[in-house]
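Participant:
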Amino acid sequence: MTPAVEKLLDRLSNVKRSGEGWKACCPAHDDQRPSLSISEGAGGRALVHCHAGCTPEEITTALGLELVDLMPAKSVTARPMPKPTPKTYTTAADAVAELERELGPRSAIWTYRNASGEPVGVAVRWNLADGKKTIRPVSKTTTGWTIGAMPSPRPLYQLPDLLKRTGETVFVVEGEKAADAVAGLGLLATTSAGGANAAGKADWTPLGGREVVIIPDEDAAGTKYAGDVAGILAKLPAKVRMVKLSNAWPTLGDGGDLANIVETGEDADTIKTKLAALVSKTEPQAQPQPVPVVEPFKPFPTNALPEPVRSFVRMCARAIGCDESFIALPLLSALGSAIGNTRRVQLKRGWTEPAIVWTAVVGDSGTLKTPAFKVAMKPVRKVQAVAFREYDLAFSAWEVENKRYEAELTGWKRKAANRRDTAGDPPQAPNRPIARRYVVSDTTIEALMPILMDNPRGVLLARDELAGWLGTFDRYANASKVKADAAHWLSMFNAEEVMIDRKTGNPTRIRVPFASVSIAGGIQPGILARALGTEHRENGLISRILLACPPRKPKQWTEADISPDLERSIEAIFARLYDLQPATDDHGEAQPVIVRLSQSGKAAWVDFYNAHGQEQAELSGDLSAAWSKLEACAARLALVVHFIRWAGVDSTLVNADEVDADSIAAGVKLSRWFGNEARRVYAILSESDEDRDQRRLVELIQRKGGTVTVRELQQTSRLFRTADEIENALDALAKDGMGRWEQQDPGDRGGRPMRFFRLAAPELSTQPPESDPPAPTKPPITGPKTSCVDVGAVDTDKPDSGDWGEV
Numbered sequence: 006m007t008p009a010v011e012k013l014l015d016r017l018s019n020v021k022r023s024g025e026g027w028k029a030c031c032p033a034h035d036d037q038r039p040s041l042s043i044s045e046g047a048g049g050r051a052l053v054h055c056h057a058g059c060t061p062e063e064i065t066t067a068l069g070l071e072l073v074d075l076m077p078a079k080s081v082t083a084r085p086m087p088k089p090t091p092k093t094y095t096t097a098a099d100a101v102a103e104l105e106r107e108l109g110p111r112s113a114i115w116t117y118r119n120a121s122g123e124p125v126g127v128a129v130r131w132n133l134a135d136g137k138k139t140i141r142p143v144s145k146t147t148t149g150w151t152i153g154a155m156p157s158p159r160p161l162y163q164l165p166d167l168l169k170r171t172g173e174t175v176f177v178v179e180g181e182k183a184a185d186a187v188a189g190l191g192l193l194a195t196t197s198a199g200g201a202n203a204a205g206k207a208d209w210t211p212l213g214g215r216e217v218v219i220i221p222d223e224d225a226a227g228t229k230y231a232g233d234v235a236g237i238l239a240k241l242p243a244k245v246r247m248v249k250l251s252n253a254w255p256t257l258g259d260g261g262d263l264a265n266i267v268e269t270g271e272d273a274d275t276i277k278t279k280l281a282a283l284v285s286k287t288e289p290q291a292q293p294q295p296v297p298v299v300e301p302f303k304p305f306p307t308n309a310l311p312e313p314v315r316s317f318v319r320m321c322a323r324a325i326g327c328d329e330s331f332i333a334l335p336l337l338s339a340l341g342s343a344i345g346n347t348r349r350v351q352l353k354r355g356w357t358e359p360a361i362v363w364t365a366v367v368g369d370s371g372t373l374k375t376p377a378f379k380v381a382m383k384p385v386r387k388v389q390a391v392a393f394r395e396y397d398l399a400f401s402a403w404e405v406e407n408k409r410y411e412a413e414l415t416g417w418k419r420k421a422a423n424r425r426d427t428a429g430d431p432p433q434a435p436n437r438p439i440a441r442r443y444v445v446s447d448t449t450i451e452a453l454m455p456i457l458m459d460n461p462r463g464v465l466l467a468r469d470e471l472a473g474w475l476g477t478f479d480r481y482a483n484a485s486k487v488k489a490d491a492a493h494w495l496s497m498f499n500a501e502e503v504m505i506d507r508k509t510g511n512p513t514r515i516r517v518p519f520a521s522v523s524i525a526g527g528i529q530p531g532i533l534a535r536a537l538g539t540e541h542r543e544n545g546l547i548s549r550i551l552l553a554c555p556p557r558k559p560k561q562w563t564e565a566d567i568s569p570d571l572e573r574s575i576e577a578i579f580a581r582l583y584d585l586q587p588a589t590d591d592h593g594e595a596q597p598v599i600v601r602l603s604q605s606g607k608a609a610w611v612d613f614y615n616a617h618g619q620e621q622a623e624l625s626g627d628l629s630a631a632w633s634k635l636e637a638c639a640a641r642l643a644l645v646v647h648f649i650r651w652a653g654v655d656s657t658l659v660n661a662d663e664v665d666a667d668s669i670a671a672g673v674k675l676s677r678w679f680g681n682e683a684r685r686v687y688a689i690l691s692e693s694d695e696d697r698d699q700r701r702l703v704e705l706i707q708r709k710g711g712t713v714t715v716r717e718l719q720q721t722s723r724l725f726r727t728a729d730e731i732e733n734a735l736d737a738l739a740k741d742g743m744g745r746w747e748q749q750d751p752g753d754r755g756g757r758p759m760r761f762f763r764l765a766a767p768e769l770s771t772q773p774p775e776s777d778p779p780a781p782t783k784p785p786i787t788g789p790k791t792s793c794v795d796v797g798a799v800d801t802d803k804p805d806s807g808d809w810g811e812v
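Position one of the sequence shown corresponds to residue 6 (my numbering), numbered consecutively onward.
1. Return yes when at least one heavy atom of the ligand PLP lies under 8 Å from the C-beta of Gly236, else no.
2. What whole-angstrom Cβ distance do Pro813 and Asn119 have, given they're in contact under 8 Å?
3. Just how far apart, CA to CA, sit Ile361 and Leu585?
4. Quick one: Cα of Arg4 to Cα of Gln596, how far?
5. Taking the Cβ atom as the reference point for each residue, do Leu38 and Lys137 lie within a distance shorter than 9 Å?
6. Taking Met76 as part of the beta strand (DSSP E), name the residues at either end of that continuous run.
7. Only counting the same chain, and skipping five residues up and downstream in sequence, which positions put a Cβ closer than 8 Å to that of Ile114?
8. Mind checking who Phe762 pairs with in its DSSP beta bridge?
9. Report yes or no: do the region 309-319 and the region 331-342 share at least 3 C-beta pairs separated by less than 8 Å?
10. Just to confirm my understanding: we take Asp15, look at its own chain, exclude 5 residues before and 5 after, and list those with CB closer than 7 Å. What are they?
11. Drop a sphere of 10 angstroms on the beta-carbon of Trp746, count the other beta-carbons inside from all chains shown, and report buried for 16 or more, exposed for fewer.
12. Does the beta-carbon of Glu329 have 16 or more other beta-carbons within 10 angstroms, so that it is buried, or is it exposed?
13. Taking 6 Å as the limit between beta carbons, can you name the residues of its chain near Gly680, skipping five residues before and five after?
14. State the CB to CB distance for the pair Val350 and Leu642, rounded to an integer number of angstroms; the pair is presumed to be in contact (CB under 8 Å).
15. On a Cα-Cα basis, can you pick out the residue from Arg514, Ala98, Met155 that is closest to Tyr117?
16. Quick check: what's the CA-CA separation for Thr174 versus Gly213?
17. Against chain B, does Cys321 count as a neighbour if the rule is that its beta carbon must be under 9 Å from one of theirs?
18. Would you mind stating whether Thr563 and Ala324 have Cβ atoms separated by less than 9 Å?
19. Would you grab the beta carbon distance between Gly521 and Gly463 for me? Rounded to a whole angstrom, and I think it's under 8 Å.
20. Where Pro8 and Arg726 are concerned, what is the direct C-alpha to C-alpha distance, given to the nearest angstrom?
21. Determine the burial state of Glu179: buried for a count of at least 16 other Cβ atoms within 10 Å of its Cβ, exposed for fewer.
22. Assuming Ala360 is part of the alpha helix (DSSP H), what are its boundary residues?
23. According to DSSP, simplified to helix, strand and coil, what is Pro257?
24. Taking 6 Å as the limit between beta carbons, can you name the residues of its chain near Arg514, skipping five residues before and five after?
25. Taking the C-alpha atoms as reference points, what is the distance between Ala281 and Ile237?
26. Using the DSSP secondary-structure output, state which residues sit across from Ile140 in a beta bridge.
27. Can you tell me whether Asp369 is buried or exposed? The criterion is at least 16 other CB atoms within 10 Å of its CB, across all chains shown.
28. Within the continuous beta strand (DSSP E) that includes Gln351, where are the two ends?
29. Let me know the alpha helix (DSSP H) ranges lying completely inside the region 141-221, each 4 residues or longer, listed in chain order.
30. Are the region 267-285 and the region 242-253 touching by the rule of at least three beta carbon pairs closer than 8 Å?
31. Do Leu705 and Ser722 have their C-beta atoms within less than 9 Å of each other?
32. Note down the Cα distance separating Val646 from Ala577, rounded to an integer number of angstroms.
33. What number of angstroms, rounded off, separates the C-alpha of Val715 from the C-alpha of Thr93?
34. Taking Ala467 as part of the alpha helix (DSSP H), name the residues at either end of that continuous run.
35. Have a look at Phe176, Leu310, Gly260, Ala630 and flag the residue whose alpha-carbon is nearest the alpha-carbon of Lys674.
36. Can you check the region 538-617 for any alpha helix (DSSP H) of at least 4 residues that lies completely inside it and give the ranges in chain order?
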């Protein structure tokens, strides 16, 4: 026995020797009398033939194998066995007569019809002497009738009735005999051809949107069949109830069905009453939440950014070969951190928003997140490097002064001990220098709070991979510690007061009146998906992050580079923003300066607020949470845009102390883009493998201009191995209404028409950015600074927000 045959026989049931081969029950259909022949073929391959018409592929799939498993181990690339040409008959009666010559007179026969009422298949049953049964299918082909199963998708039993009686509840049972029993009670019933293992080969769409009651047979196979059908109907969807007959007929034996109950002679009305009671006591199965459709990616609205930031984003993206959002997101967070606690925008009395922005680029490794992130962070890190050098010099000088102080203190103590009256005042200790921090990478609260206490302006948390930040919430065994840290971060998003008590260190109590931390970084989809499955989803931490997940682009060499003049222009913007100073209260404590809305800015904000509120009212779950934060983020982004305009000496900015309609419009445009990305990212994280492959195929066709040929995909894509796979994938897109096949007339060239696939909405493909304005050739003019000072009380208490005679 060859290994391939041995592997096959080990998984089959009721195997018996037959001549030079074996016979067994076919796993691909309801087979109680062995109808599967197995023999050894040339080279050690396993040969299979189902006399009921099941294909080798259907047989191996039912066994959890593949066709390659029928081949010898050293011949996995051998050609698959040719399919035998089935014998054809003029009528179905001729084919059934052939079966009766082999198996004897039939016990029952059932006809399957298409939607037009034409016979397309027959199921024939023989009751065997040992109490078992065998069923053989006969099907119609283009050349006649054959002994074998109908091709998939197969029509349901009694399909014309299903289509005619659309308002009635449909009872789904296993097998035609049971379906006829239910129909005999005056109810609408159906089943699928092929037995308990073939539910997936039927076309169940006629039951979409209908009331369906599934009645399983009282055995394991019946339970499996019912589960398979329920799963299929859930996707249509249909309102499904599943009842258990033994709850009303406790004496029903193993494998029993409604046909067995009818055969007992019980009154039909009684049966219907009991069945109705079962149905009424059974709740409909929960409808699965539909997987969101991934919306098309829209290019980042770079034109909403003021100059020179707009040109910087475009030039960096071109030089790196990445999407513009890869530069824009971390840059917005960095610019927001440069403003920090010095300014807040007042939307109305009691509602102000800081310039704190949390952003994350979502992408796998190799999507150019890292080089883009480094370029965006360069201005901040340059300023930080200067601050560190200054601190090192100041610390060295302090060490010298501190040693002198310690010596003087020692001498003073000696004098004080000997001559108390003439010791004089003790020497004054030099002030220890404080390191000015603009950017941090340590995400622990213990490390961050002392830095914030020394830097009331706030800092930027910049990490190429934000997995480390999210990981800090999961490394504690103490759940209360996790919640406390999450609460601190939620406070820092709003620049609220944060206090912590420490067992060690000096001081033991740290208080930061306005704890401000902007966040910038990248995150891989899998890590974000896990985070969305934890309590961070519930506490709103994730919904505060502005996300971007542009489609993956192939790397292409470019000679484009970043202009040094443009780099200096951006550095000048940061310099002016870092020069912004807060106000102080009566106790000398730093307070953010309140920047109000201009009259036009207020009108633009109210229009956005009302429209955004209407959108949020129609959402639920994660998107509703994200929308609630996007409201405030629109104001924050408008504030950042306002001060970029101020720092760049924008001549259209009339009053530096008021956020005008142009800045509000820019913040709203950015916020709406982030809303679209939130929809996309949450949908992407909910995708099945099949959904993800389909989305990637669509994105690939979009990158090719919205049309593609099979040959072109075969030559350029690694998503598929064969032309057949590509054809099937494109057929699936066409079936889902996402595109169509077209032919191009060869014209004067002659030959065959070229067949290509066109996306249904080519306008959804990623468009190039708007025409690039010329990069500035020199840093922006640093005109006279406006005061931007309007000290007022800061109030952050705004609530977050299925007859034989005719065949």
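Where is the CB? At the ideal position from N, CA and C, for every residue including glycine.
Facilitator: Inspection of the coordinates gives the following:
1. This structure simply doesn't include the ligand PLP, nor any ligand for that matter.
2. What the structure shows of the chain is the stretch from 6 to 812, and residue 813 is not part of that stretch, so it cannot be assessed.
3. The alpha-carbon of Ile361 is positioned some 15 Å away from that of Leu585.
4. With the chain covering only 6 through 812, there is no way to say anything about residue 4.
5. Strictly speaking, residue 38 in this sequence is Arg, with Leu absent from that position. It is a contact, given that the beta carbons lie within the stated cut-off.
6. Segment: none, Met76 is in no beta strand (DSSP E) and carries neither H nor E.
7. If we look at Ile114 and ignore the five residues flanking it on each side, its Cβ neighbours are Val101, Val127, Ala128, Val129, Arg130, Trp809.
8. In the DSSP output, where bridge partners are listed per residue, Phe762 has Val713, Trp746.
9. Counting C-beta pairs with one atom in each stretch, the region 309-319 and the region 331-342 have three or more that are closer than 8 Å, which means they touch.
10. The beta carbon of Asp15 is closer than 7 Å to none in its chain, skipping five residues each way along the sequence.
11. So Trp746 ends up on the exposed side.
12. The residue in question, Glu329, is buried, as its Cβ has 16 or more Cβ neighbours within 10 Å.
13. Once the five neighbours on either side are set aside, the close Cβ partners of Gly680 are Leu635.
14. Wrong, their Cβ atoms sit about 10 Å apart, outside the cutoff.
15. Considering only alpha carbons, the answer is Met155.
16. One C-alpha to the other measures close to 12 Å.
17. Considering every chain present, this structure includes no chain B. It has just one protein chain.
18. Contact: yes.
19. The question names Gly, yet the displayed sequence has Ser at residue 521. Taking the Cβ atoms as the reference, Ser521 lies roughly 3 Å from Gly463, within the contact range of under 8 Å.
20. Their Cα atoms are separated by approximately 28 Å.
21. Classified as buried, Glu179 has 16 or more neighbouring CB atoms from the shown chains inside 10 Å of its CB.
22. Counting along the chain, Ala360 falls outside any alpha helix (DSSP H), and DSSP gives it neither H nor E.
23. Reading off the sequence, residue 257 comes out as Leu, not Pro. The answer is coil: DSSP assigns Leu257 none of H, G, I, E or B.
24. Counting only Cβ-Cβ distances below 6 Å, and skipping sequence neighbours, we find Asp506.
25. Near 24 Å, if we compare the C-alpha coordinates of Ile237 and Ala281.
26. By DSSP's assignment, Ile140 forms a beta bridge with Arg130.
27. Under this definition Asp369 is an exposed residue.
28. Per DSSP, the unbroken beta strand (DSSP E) holding Gln351 starts and ends at 348-353.
29. Correct list: 164-169, 181-189.
30. Contact between the region 267-285 and the region 242-253 is present, because at least three Cβ pairs lie under 8 Å.
31. Yes. Within cutoff.
32. For Val646 and Ala577, the distance between alpha carbons rounds to 15 Å.
33. Going by the C-alpha atoms only, they are around 35 Å apart.
34. For Ala467, there is no enclosing alpha helix (DSSP H); the enclosing beta strand (DSSP E) covers residues 464-470.
35. Minimum Cα distance to Lys674 is reached at Leu310.
36. 540-544, 569-584, all fully within the region 538-617.
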